[in-house]
Amino acid sequence: MSDTKRAQRPATQVIHAGQRPEATTGAVLPPIFTAATYVQASPGEHKGFEYTRSHNPTRYALERMVAGLEGSSVSEEEDPSCGGFAFASGLAATATLLDLLDQGSRLVAMDDLYGGTRRQFSQVRARSQGLDLEYVDMTDPDACRQALTAATRMVWVETPTNPLMKVVDLAAVVAIARETCPEALLVCDNTFASPMAQNPLALGFDLVMHSTTKYLNGHSDVVGGVVVASTLELAQRVRFLQNAVGAVMGPFDAYQTLRGIKTLALRIERHSENGQRVAEFLEAHDNVEQVYYPGLPSHPQYELAKRQMRFFGGMVSFRLAGNLDNARRFCENLRVFQLAESLGAVESLCNHPAIMTHASVPAETRQKLGISDTLVRLSVGVEDIDDLLEDLRQALAEA
Numbered sequence: 033m034s035d036t037k038r039a040q041r042p043a044t045q046v047i048h049a050g051q052r053p054e055a056t057t058g059a060v061l062p063p064i065f066t067a068a069t070y071v072q073a074s075p076g077e078h079k080g081f082e083y084t085r086s087h088n089p090t091r092y093a094l095e096r097m098v099a100g101l102e103g104s105s106v107s108e109e110e111d112p113s114c115g116g117f118a119f120a121s122g123l124a125a126t127a128t129l130l131d132l133l134d135q136g137s138r139l140v141a142m143d144d145l146y147g148g149t150r151r152q153f154s155q156v157r158a159r160s161q162g163l164d165l166e167y168v169d170m171t172d173p174d175a176c177r178q179a180l181t182a183a184t185r186m187v188w189v190e191t192p193t194n195p196l197m198k199v200v201d202l203a204a205v206v207a208i209a210r211e212t213c214p215e216a217l218l219v220c221d222n223t224f225a226s227p228m229a230q231n232p233l234a235l236g237f238d239l240v241m242h243s244t245t246k247y248l249n250g251h252s253d254v255v256g257g258v259v260v261a262s263t264l265e266l267a268q269r270v271r272f273l274q275n276a277v278g279a280v281m282g283p284f285d286a287y288q289t290l291r292g293i294k295t296l297a298l299r300i301e302r303h304s305e306n307g308q309r310v311a312e313f314l315e316a317h318d319n320v321e322q323v324y325y326p327g328l329p330s331h332p333q334y335e336l337a338k339r340q341m342r343f344f345g346g347m348v349s350f351r352l353a354g355n356l357d358n359a360r361r362f363c364e365n366l367r368v369f370q371l372a373e374s375l376g377a378v379e380s381l382c383n384h385p386a387i388m389t390h391a392s393v394p395a396e397t398r399q400k401l402g403i404s405d406t407l408v409r410l411s412v413g414v415e416d417i418d419d420l421l422e423d424l425r426q427a428l429a430e431a
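If you number the sequence shown the way the numbering used here does, the last residue is 431 and the count never jumps.
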């Protein structure tokens, strides 16, 4: 592989980054290497592969691809996966990153987070690792500055956030953190944006993670996660943990995810076009009280989103007029949108965060954040926009 992962433009990278024809046959796509173990010529003398938890050529191909898309500075000569690491799920990736922290470390996280992330932080690692947790609205620089003390060892950001679509100024968080807690690791969950829309490493973050289940794979048929490290030193630490903890992605899942990424640029363009149209339609509808979408001028961080993001994506949240019964009727009467958890795939999905993805968040916390009984989250797919608008129109009428 020539070292052109940042010279190429994103639409080319999603097809070629970190890839090469298979050496034996010249196959355009990497084979699925399912072997659990590899023959050694002599003890410790092998071809770079010992055991698939530690090394797998198919997983390496995916890891190099995402590392290239996110702009890691690590070369293949330095690390076989260029600083990318694939895991069995997004939460497995999150858990492994938390293992970078010592017992009792202070972690400051965005207040609006995927419910599973908050559950792992507050209900698992606060107990098992003794993490000192603080959740803060990082769209407010003053609140961020107040929360980030010299004791902070990790800063965890989602942007746009799940489900309220807040946009965090990543460069501003870096500036505050480097001043107040220079030893802290800065982590960005880039799942909602995808590497097509923004690249946190380029703005100074240390680590970026994705649930590959979502936009990267894009077809609702694989669960996975990935982490990209900005430097070789961090890559070596994550590689040790990936092998020591062992929550790795299997080769078939890596192959399917890599195949999905090939169309990521095309899909994100269509997701974003449809998402913008859906958000504008909902904002003009009498039965909708508020719409959360970074591409709307009414969004509080609209100007920031225009600077920081190349696309606004397909995630749209909105608050219905009425009560929980109205929200239930809306969700139950959709025909093209499917009522299901997850997001970022070619089909359009609808989710009720308070009951579904964020049910594990305490009710008082949901209320404080604004995750109400009438909040609905849409993952706008790549279907014909007129069919999507007609579906929303009739479901809103039924609600």
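Each residue gets a CB set at the ideal place from its N, CA and C atoms; glycine is no exception. Remember, it's a predicted structure, so these values are computed and weren't measured experimentally.
The DSSP assignment places complete beta strand (DSSP E) segments of no fewer than 3 residues inside the region 108-173 at 116-119, 138-142, 164-168, in order along the chain.
Between the alpha carbons of Gly346 and Val199 lies a gap of roughly 14 Å.
If you ignore the 5 residues before and after Ala99, its C-beta comes within less than 6 Å of the C-beta of Cys114, Gly115, Gly116, Val260, all in its own chain and listed in chain order.
About 7 Å separates the beta carbon of Val187 from that of Leu180, a gap short enough to meet the 8 Å contact definition. For Val277, the enclosing alpha helix (DSSP H) has its first and last residue at 264-277. Secondary structure at Glu190: strand, using DSSP grouped into helix, strand and coil. A contact between stretches requires three or more CB pairs, one per stretch, nearer than 8 Å, and the region 335-346 meets this requirement with the region 191-207. The region 34-116 contains, as complete alpha helix (DSSP H) runs of 4+ residues, the segments 42-48, 89-102 (chain order). In this structure Thr126 does not touch Met228 by the C-beta definition: roughly 22 Å separates them, more than the 8 Å allowed. Between the alpha carbons of Glu312 and Leu407 lies a distance of about 17 Å. Residue nearest to Ala286 within the set Met97, Val60, Gln45 is Met97 (criterion: CA-CA distance). Contact annotation: the region 151-166 does not touch the region 210-224, with fewer than three C-beta pairs closer than 8 Å. About 6 Å separates the CB atoms of Leu381 and Phe369; that is less than 8 Å, so the two are in contact.
If you draw a straight line from the Cα of Pro195 to the Cα of Ser404, it is about 11 Å long. Boundaries of the beta strand (DSSP E) around Phe350: 347-352. One thing to note: Leu239 has its Cβ no nearer than 7 Å to the Cβ of Val258. Nearest to Leu217 by alpha-carbon distance, out of Ala225, Ile208, Phe224, is Ile208.
In the DSSP annotation of this structure, the continuous segment of the alpha helix (DSSP H) that includes Glu364 starts and ends at 356-365.
Within the same chain, Cβ atoms closer than 8 Å to the Cβ of Tyr83 are found at Ala68, Thr69, Tyr70, the five residues on either side in sequence being excluded. A contact between stretches requires three or more CB pairs, one per stretch, nearer than 8 Å, and the region 75-82 fails this requirement with the region 265-282. When DSSP states are grouped into helix, strand and coil, Ala261 belongs to the strand group. Burial state of Asp221 is buried, judged by a 10 Å Cβ sphere holding 16 or more other Cβ atoms.
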